[in-house]
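Only one structure is covered here, and it is reproduced in the block below.
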Amino acid sequence: MFPNTIVFIDAGHGGLNRAGEYTTAPSKMFRHARGAFHQGSNFYEGVWNRVVTNQVMRKLDRFGITYLPLHHDYLDNSLQHRVDMANWYGTKFARSLVVSTHANASVPHTARGFEIYTSPGTTESDKVASIHWNNVNLLRNFYPKGTQITMRTTPSGSQHDNEANFFILRKTNMPAILIEHLFFDNFEDATLLMDDNVVDLFAEAQVRTIIEYFNA
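Numbering of the sequence shown is given in our numbering, commencing with residue 91 and proceeding in unit increments.
Rendered as structure tokens:
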């Protein structure tokens, strides 16, 4: 669909290995007092991230868009490994983009909402973040439970993306966004994340953002 372009799809952290063990444990997980998530009341961020990215890649296949996952099926690839993959393969294409999928957590587990991060300063990544924020904000009006998603902006409310020195944003040589899909340690947000319609909303938004950015 877009010749000489590639999008790098990244699912943060690790997944479940063949023995059913969460490879990032005890990090990036939260045990809820109630509800059914992953292996009972545990919510494993890395497992959820892969559910979304798998959906994204299936949708990209339908459009014939070239992509490369930076993550392993279940191992927690180092950030350096992910960055090196993107930077090396990115040199083979005229245009490239990194989309890193995560879910958030924050003590005392009361925070809620969706937010996007880019590296500090004014960059091309800001454009991607703005496109993506708008896509999620639009789609949530058309999906069951979508309006229950809280859209977070910067503290001033003036921008759609937060700035942070996250390694994958700072070290990659192409536009990159890191998406925090709600707070998995908040019961209400975690329940939304387990809903198939919400997963599809987030995946569809990523695909629309990729198409819109490469089409510009």
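Every residue gets a Cβ at the ideal spot worked out from N, C-alpha and C, and that includes glycine. Every value quoted in this text rests on a predicted model; they were computed, and no experiment measured them.
DSSP lists Leu106 as the beta-bridge partner residues of Tyr112. Here DSSP, grouped into helix, strand and coil, assigns Phe274 to coil. In this structure, DSSP gives Thr95 an extended state, which the three-state scheme calls strand.
Taking the Cα positions, Tyr207 is about 15 Å away from Phe273. Taking a C-beta distance under 8 Å as the contact criterion, Val226 and Ile99 do not qualify as a contact pair. Membership of Ala193 in any alpha helix (DSSP H) is not indicated; the residue belongs instead to the beta strand (DSSP E) covering Arg185 to Asn194. Assignment of Ile206 by DSSP, reduced to helix, strand and coil, places it in the strand class. Phe127 and Gln238 have their C-alpha atoms some 19 Å from each other. Straight through space, the alpha carbons of Pro159 and Glu302 are spaced by roughly 20 Å. Pro159 is bridged by DSSP to Ile99. Distances from the alpha-carbon of Ala266 to those of Ile221, Asp163, Pro234 and Arg108 put Ile221 closest. Phe292: member of the alpha helix (DSSP H) spanning Asp286 to Asn305, first to last residue.
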